[in-house]
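Here the sequence shown stands for residues 5 to 602, where the numbers follow the numbering used here.
Shown next, in structure tokens, is the structure this report addresses.
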Amino acid sequence: MTVSSPVAEVKPLTVATPGDFHILWRCFGYVRPYWKTTVATYGAMVAITVLALATPQLIRWIVDDGVRNGNRTLLGWLVAALLALTFVKGLFTFLQGRWSEVVSQGVAYDLRNDIYEKLASLSFAYHDRTETGQLLSRAIQDVDRVRFLTGRAVLRLVESLVLALGTLAVLVWMNPILALLSMVALPLLIHRGYEFGRRLRPFSMAVQQQMAVLTTRLEQNLRGARVVKAFAQEDAEIERFAAENNRWFDLSVHAARLQAVNNPLMDLIANFGVVFIIWVGGLLVIRDQLTLGELVAFTTYLAQLTQPVRRVGMVIPAISMAATAGERIFEILDTPSTVADAPDAYPLPPVRGHVQFSGVGFAYFGRHRVLDQIDLQAQPGQVIALLGATGSGKSSIINLIPRFYDPTEGGVVIDGHDLRKVTLASLREQIGVVLQESTLFAATLRENIRFGRPDASDAEMVAAAKAAQAHDFIMAMPEGYDTYVGERGVTLSGGQKQRIAIARALLKDPRILILDDATSSVDTATERQIQAALAHLLRGRTAFVIAQRLSTVRLADLVVVMDKGRIVARGRHADLLETSEHYVRIYNQQLRPQEAAV
């Protein structure tokens, strides 16, 4: 695996910034619901620290009062006390680990729920410009880094500081001079831990970002597997993935190399201090200025002192990485939705289906203008067919009715209610939609049809499937309505997916129905079946249909011809053939060949 070295591409970063502390503080806001368990966790940590400080003293008594004095009875009791101390410490360690994991997993649970809820509430505009792989990386990898922060990372940091301060206090109490000498290596350990954290953080962040790139690449290839195979691009995609994987590998290896150098170096510095104290302490024992038990206890404390310093060196990068992860998570959570309920929004009452566009203009991302001065009315029960070339604005019009987007000019009104003043849920509950790309979920056909109405009865579900001409092919399957559909409905044909999507929309029994090129993926025979069903079921409903078929145009009460974001003609099929040159041109190019085929 050889690609250009990533070292030069990784910019050095500080260990922490003021902004990082704000993000970390916000991350710990998710600990609040678990404050009781958190208090218990830190209580267990204090108990563990007290026991850790008491253990060397017990060892000193064993050596000085038990071994040197030859007191077997005392030795037995002291050894039993040491075993009991070890057992109690182990129990508190178990409780600490369990409770800290409960808190951290609770934080991860709440964060993922908040991310999903936010992503579900964000408008189409956000998802149009955001890569799915990046969102997956933040919802999984970044949340896991925050989980580690709120669990073991900060716990280890606080535990290390408390243990270090307690150990230093005991060392000074035992022998101030020897304690002062034992601190000679401490500044070097602290400096080394800081330097390690400063150098490791940028590489850890780069690994984190590259993992998001890998996730995106993998997700896109899995989603487009058929396209990749159809164009025989397997080798090319494998090569592209390998290149990104190589970069991740090189970054990870460099981070591991830093750790491989740092850990032995920290051990060397710590052991140097221990050896020095053993030498000086040994001389003091020989001069009867220090007991052997005190020397053993002292070296035990000294070894215990180096552990917190080393932990800090390991925890600081984790905290820095968690700050970065938190920033990426809160970037999602703080994103305002361009389509949201107004503060005074009210539920839309049951509608008759009078839809009116008044001076509507729309531009994607505020720049790409696709609709201009749209004035259009649909009376209750009317079928409106939208006709025009690709990019003429047909889909943009129907996307404004359920407020997938909001117009940048003018407004859309249903039964006199401005859509921006009613709640989204109440609006969309009264609209049935069949999108151009029929999206089915990896679930049974029964669950897919009931998606909009989970409480629908079997009879209602079957009636909707029959109306969409889907019942017969469903019953021909081995498990009928309990047949499991592969991801995105890949186990069904295009026409079958379209009919399931139509059944799903019809089961809602909406007052307003939107069909975005709903019969584009079916053959002529199936189209006739669907059109016959729609002709009956559209009665009493307002329907907007993007028309690609002559049969759809003939079914419509009003045909609206679009061109470059404007309405250039409107009327019934027969009238437009006499009054609109634009419609005649579309008819001759697109619709008339279908008439000839029939």
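Glycine included, C-beta positions come from ideal geometry on N, C-alpha and C.
In the structure shown, the three-state DSSP call for His358 is coil. About 6 Å separates the CB atoms of Arg545 and Gly357; that is less than 8 Å, so the two are in contact.
Bounds of the alpha helix (DSSP H) holding Gly170 are Val158 to Met178. Sequence-distant partners of Thr53 (beyond 5 residues in either direction) whose C-beta falls short of 8 Å from its own C-beta, in its chain, are Glu163, Val166, Leu167 and Gly170. Contact between the segment 412-426 and the segment 387-400 is not established, with fewer than three Cβ pairs separated by less than 8 Å.
Going by beta carbons, Ala573 and Tyr587 fall inside the 8 Å limit. In the displayed model, Ile435 falls within a strand according to three-state DSSP. Arg196 places its beta carbon less than 8 Å from that of Met270.
The continuous alpha helix (DSSP H) containing Gln61 extends over residues Trp39 to Trp65. Non-local C-beta neighbours of Asp24 in its own chain, meaning closer than 6 Å and more than five positions away in sequence, comprise Ala327, ordered along the chain. Around the C-beta of Ser341, fewer than 16 other C-beta atoms lie within 10 Å, and the residue is accordingly described as exposed. For Pro406, the closest alpha carbon among the candidates Gly420, Asp379, Leu390 and Val437 is that of Val437. Annotation: Gly456 to Val549 spans about 20 Å, alpha carbon to alpha carbon. In this structure, Thr303 lies away from Val284, with their beta-carbon atoms at least 8 Å apart. Taking the C-beta atoms as reference points, Val489 is found nearer than 8 Å to Leu444.
Boundaries around Leu89 are those of the alpha helix (DSSP H), Arg76 to Ser125, since no beta strand (DSSP E) includes it. Leu390 is a Cβ neighbour of Ala551, given a cutoff of 8 Å. Phe366 places its beta carbon less than 8 Å from that of Pro411.
Spanning the alpha carbons of Ala259 and Tyr409 requires a straight line of approximately 44 Å. Residue nearest to Gln383 within the set Phe152, Gln311 and Ala560 is Ala560 (criterion: CA-CA distance). Within the DSSP bridge table, the entry for Gln381 names Gln360 as partners. Here Ala389 carries a strand assignment [DSSP, helix/strand/coil].
Boundaries of the beta strand (DSSP E) harbouring Ile516: Ile516 to Leu519, taken from the DSSP string. By the Cβ neighbour-count rule, Ser461 is exposed, with fewer than 16 other Cβ atoms within 10 Å of its own. Where Ile418 is concerned, the enclosing beta strand (DSSP E) starts and stops at Glu413 to Ile418. DSSP places Gly498 in the uninterrupted alpha helix (DSSP H) bounded by Gly498 to Leu511.
Cα atoms of Val35 and Ile194: separation of roughly 29 Å, rounded to the nearest angstrom.
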